[in-house]
Amino acid sequence: MSNKNYDKTLSRLIGILTKLSDGEMPTTKELAEEFGVNVRTIQKDIKERLYYYPIIKTSDHRYTFAYGFSLKQTDLTNDEMVFLHLALSQFEDVDDIDKIKDNIYKKIIHKKFYSPYYIKQEDLEDLDVDSPLVSQLEALIENKERAKIDFTNESKELELYKIAAFDGFWYLFAKDMEANKIKTFRLSDIKKVHPLGIYHKTSSDFIERLLQNVHSAFFEEGNTFKVVVKVYPEIAHYFKKRDFLDSQEIQEELGDGSLVVSFTVSHDEDIDNIIKSWLPHIEILKPQRFRDKLHNELKEYLKKVETN
Numbered sequence: 368m369s370n371k372n373y374d375k376t377l378s379r380l381i382g383i384l385t386k387l388s389d390g391e392m393p394t395t396k397e398l399a400e401e402f403g404v405n406v407r408t409i410q411k412d413i414k415e416r417l418y419y420y421p422i423i424k425t426s427d428h429r430y431t432f433a434y435g436f437s438l439k440q441t442d443l444t445n446d447e448m449v450f451l452h453l454a455l456s457q458f459e460d461v462d463d464i465d466k467i468k469d470n471i472y473k474k475i476i477h478k479k480f481y482s483p484y485y486i487k488q489e490d491l492e493d494l495d496v497d498s499p500l501v502s503q504l505e506a507l508i509e510n511k512e513r514a515k516i517d518f519t520n521e522s523k524e525l526e527l528y529k530i531a532a533f534d535g536f537w538y539l540f541a542k543d544m545e546a547n548k549i550k551t552f553r554l555s556d557i558k559k560v561h562p563l564g565i566y567h568k569t570s571s572d573f574i575e576r577l578l579q580n581v582h583s584a585f586f587e588e589g590n591t592f593k594v595v596v597k598v599y600p601e602i603a604h605y606f607k608k609r610d611f612l613d614s615q616e617i618q619e620e621l622g623d624g625s626l627v628v629s630f631t632v633s634h635d636e637d638i639d640n641i642i643k644s645w646l647p648h649i650e651i652l653k654p655q656r657f658r659d660k661l662h663n664e665l666k667e668y669l670k671k672v673e674t675n
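Numbering-wise, this note's numbering comes out as the position in the sequence shown, counting from 1, plus 367.
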């Protein structure tokens, strides 16, 4: 690493730690824009260069220190900690260096840190952000260039918009040019990418607004519909305190304390697991097709249980 790049990396890592120490909760994109690097670099900073810090990602994809941790609990300053980390990274060829580094960081960072909180993070499929395939997809997305993509069982011409994670898996959020619909495509199914030299003008604002209403990998443009449920009094306060989907709307509060709540979704799976997790204190009102579907699934479940 050249001295110039070393200094830039050092300044950036100190800047990230300072933000977290000051209680800021930045996203990967916000950090990338502020420090003038790409998202992949920030992901590498968090995952590899700042690995020993208890940095977690919240449900809305913001970085923060784990509850109870403070940089004041360490024996070194931000600058000293980052300098130490970068210095140790220059000795990768030394025998047992990983063990030595691990012991050093445990003594410095974790000796005085014990959190009374436990936060279970969502497991996320590994993504090699340095792989040629991911780098190629990133470049196509940034340049707004179409590509022919070979999947495991088919090939499609796509207008690439985003790489996105849903339910622990990575997907390509893109427009299927033949079907003329925006869909999700499993990243692990991609075998080869062929740039086409054709460029699109779909605005970033449009894509961001669209993604706000994408709740699962089953999204398909043009298929949105409204689901209306009755939330019984036993769980109504949970729905008042938080939105389980961005499209959640409390339409009415009934006299017995129950709520009429609506969601705009693009597929049954967007809302299916949420409803099932609150049974028997929730009831589907509309659409009738969805109500009947859940009714039949529950009947089938009871039938199987009763015969065992």
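Every residue gets a Cβ at the ideal spot worked out from N, C-alpha and C, and that includes glycine. Small disclaimer: the values here were computed from a predicted structure and weren't measured.
DSSP lists no bridge partner for Trp645. Between Asp517 and Lys542, the C-beta gap is not smaller than 7 Å, which leaves the two residues out of contact. Secondary-structure assignment with DSSP links Leu527 through a beta bridge to Ala541. Secondary structure at Gln503: helix, using DSSP grouped into helix, strand and coil. Across the structure, Ala532 and Tyr538 are spaced so that their CA atoms are roughly 6 Å apart. In this model, Phe402 and Ile574 are separated by some 24 Å (Cα to Cα).
Around the beta carbon of Tyr418, fewer than 16 other beta carbons sit within 10 angstroms, so the residue counts as exposed. With contacts defined as CB atoms closer than 7 Å, Pro600 and Asp623 qualify as a contacting pair.
Assignment of Ile516 by DSSP, reduced to helix, strand and coil, places it in the strand class. Ile574: member of the alpha helix (DSSP H) spanning 571-579, first to last residue. The alpha-carbon separation between Leu578 and Glu526 amounts to approximately 15 Å. Residue pairing for Ser378: DSSP places it in no beta bridge. A distance below 7 Å between beta-carbons, with the five flanking residues on each side excluded, links Ser583 to the following residues of its chain, in chain order: Phe533, Asp534, His634, Glu636, Asp637.
CA-to-CA, the gap between Lys607 and Leu387 works out to about 30 Å. Counting C-beta atoms within 10 angstroms of its own C-beta, Thr551 has 16 or more neighbours from the protein chains shown and is therefore classed as buried. Here Arg513 is buried. Its C-beta has 16 or more other C-beta atoms within 10 Å.
With respect to the C-alpha of Phe611, the residue from Gln503, Thr631, Ile381 having the closest C-alpha is Thr631. The Cβ-Cβ distance between Ile409 and Ala399 falls below 7 Å. With a cutoff of 7 Å on beta-carbon distance, Thr394 and Arg416 are scored as not near each other. Taking the CA atoms as reference points, Ile422 sits about 5 Å from Phe432.
Per DSSP, Tyr668 is one residue of the alpha helix (DSSP H) stretching across 655-674. Rounded to the nearest whole angstrom, the CA to CA distance from Ile617 to Ser629 is 7 Å.
Here Ile602 carries a coil assignment [DSSP, helix/strand/coil].
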